[in-house]
Amino acid sequence: MCMENNVHFIDGEYVEESRATLPISDLSLHRGFGIFEYLRTYSGRPFHLREHLQRFRNSAKEMHLNVPYSDDEIHEILDTLLQKNGFEESAIKLFLTGGNSDDYLLPCSREKFLIFAKPYVVPKLPEAVSLQTITYARYMPEVKAIGYIPAVTALQRFKDADDILYVSESNEVLECTRSNLFAVKNGKLLTPKHGVLKGITRALVMHLCKTEECILTREALMECEEVFITSSTKEVLPVRQIDGHTFQAPGPITIELATRFTEYVKRGLQDNLNWSK
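Position one of the sequence shown corresponds to residue 17 (our numbering), numbered consecutively onward.
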């Protein structure tokens with residue numbers, strides 16, 4: 017299916033991609049002011065939609081934005097959108113922009129709410145990834161904001177790395193550009209506690225295995241036996257190298273958690289668990 021035939025929800029209307037527009041005065045264009053949320057489906061069912069919507073609302077609250085639809089209304093919109101597109105699996109993005117602005121700095125109208133949908137294609141990921149660290153900490157890290165300049169520029173700079181790992185100025189390991197990080201030390205599962213986006217897959221992994229949220233320095237990370245990253249698209253993905261330092265990839269605990277994640281999804285589909293509400 018051609019991308020231009022995809023149907024999206026744009027500020028109250030279902031429109032084909034070729035007709036989708038956004039006012040040129042919108043603050044997402046002029047100031048990068050807005051938030052988003054990304055999720056995917058399994059067997060056509062949105063995965064942990066309730067948790068994604070809660071994080072979306074938390075981001076909106078922190079940005080002093082108002083989500084113009086209730087969760088039930090968003091459920092209905094999304095159901096209609098998935099039916100109109102008819103994809104086998106879908107990748108879904110919710111956006112909330114700051115709305116129009118007369119001075120291109122402060123909003124002068126209500127927010128604009130959008131849902132984009134496209135076919136979900138399983139990404140061609142390596143069996144294990146390499147990371148490059150940079151010194152950077154995101155502003156308002158628990159907000160899923162649309163501004164990704166540091167991520168894009170770092171990925172362009174370090175083309176040999178599969179992803180970038182952010183480390184704070186105080187040498188604390190944080191997160192990757194689009195994923196959370198876990199490490200295994202002496203059989204104990206660790207993950208950074210502060211300064212990170214609270215990923216939905218991260219929370220699920222912490223549910224599947226006892227995890228210690230902690231302050232993890234770069235030096236301490238290099239002493240760990242296993243490292244992996246998590247996200248909606250990567251699920252549980254082993255890390256083989258960080259700044260040239262190698263790890264067992266995949267290690268036994270990473271393998272076990274990847275298996276548990278897969279079993280969790282299969283069990284949910286078999287038992288018809290309601291991930292969405």
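Even for Gly, the Cβ is constructed at its ideal location relative to N, Cα and C. Quick caveat, the model's predicted, so the values are computed rather than measured.
Assuming the contact rule is C-beta atoms closer than 8 angstroms, residue 304 and residue 127 should be a hit. Round their C-beta distance to whole Å, please.
A query on residue 304 cannot be resolved here, the shown segment of the chain reaching from 17 to 293 and no further.
Looking at residue 256: is its Cβ nearer than 8 angstroms to the Cβ of residue 136?
no
Residue 191, enclosing beta strand (DSSP E) - first and last residue:
In the DSSP assignment, residue 191 falls within the beta strand (DSSP E) that extends over 189 to 192.
Local conformation of residue 17 per DSSP, three classes
Since pLDDT at residue 17 reaches only 42, below the 50 mark, its modelled position is unreliable, and the value read off the structure follows with that caveat. Here residue 17 sits in coil by DSSP.
CB-CB under 8 angstroms to residue 201, same chain, minus the five flanking residues each way: which ones, in chain order?
236, 239, 240, 241
When the Cα atoms are used, what is the spatial distance from residue 281 to residue 274?
11 angstroms
On a CA-only basis, which of 41, 93, 223 is nearest residue 62? Give me that one, please.
93
Helix, strand or coil: which one does DSSP assign to residue 128?
strand
Counting along the chain, where does the alpha helix (DSSP H) carrying residue 89 start and finish?
87 to 101
By the 10 Å Cβ neighbour count, where 16 or more other Cβ atoms means buried, how is residue 286 classified, buried or exposed?
exposed
Are the beta-carbon atoms belonging to residue 141 and residue 253 less than 8 angstroms from one another?
yes
What does the Cβ neighbour count give for residue 17, buried or exposed, with the cut at 16 atoms within 10 Å?
Here the model assigns residue 17 a pLDDT of 42, short of 50, so the residue's position is not dependable and the matter cannot be decided.
Reduced DSSP category for residue 30 - H, G, I as helix; E, B as strand; rest coil
strand
Are residue 133 and residue 108 close, meaning C-beta to C-beta below 8 angstroms?
Contact: yes.
Kindly give me the distance between the Cβ atoms of residue 205 and residue 225, rounded to whole angstroms, as I take these residues to be in contact under 8 angstroms.
Yes, they are in contact, since the Cβ atoms of residue 205 and residue 225 sit about 5 angstroms apart, within 8 angstroms.
Limits of the alpha helix (DSSP H) - the one that residue 274 falls within:
268 to 286 is the extent of the alpha helix (DSSP H) around residue 274.
Should the region 206 to 226 be called in touch with the region 161 to 169, which here means at least 3 C-beta pairs below 8 angstroms?
With a cut-off of 8 angstroms, the region 161 to 169 and the region 206 to 226 do not count as touching, because too few Cβ pairs lie within range.
Would residue 30 pass as a contact of residue 113 if the rule is Cβ separation under 8 angstroms?
no
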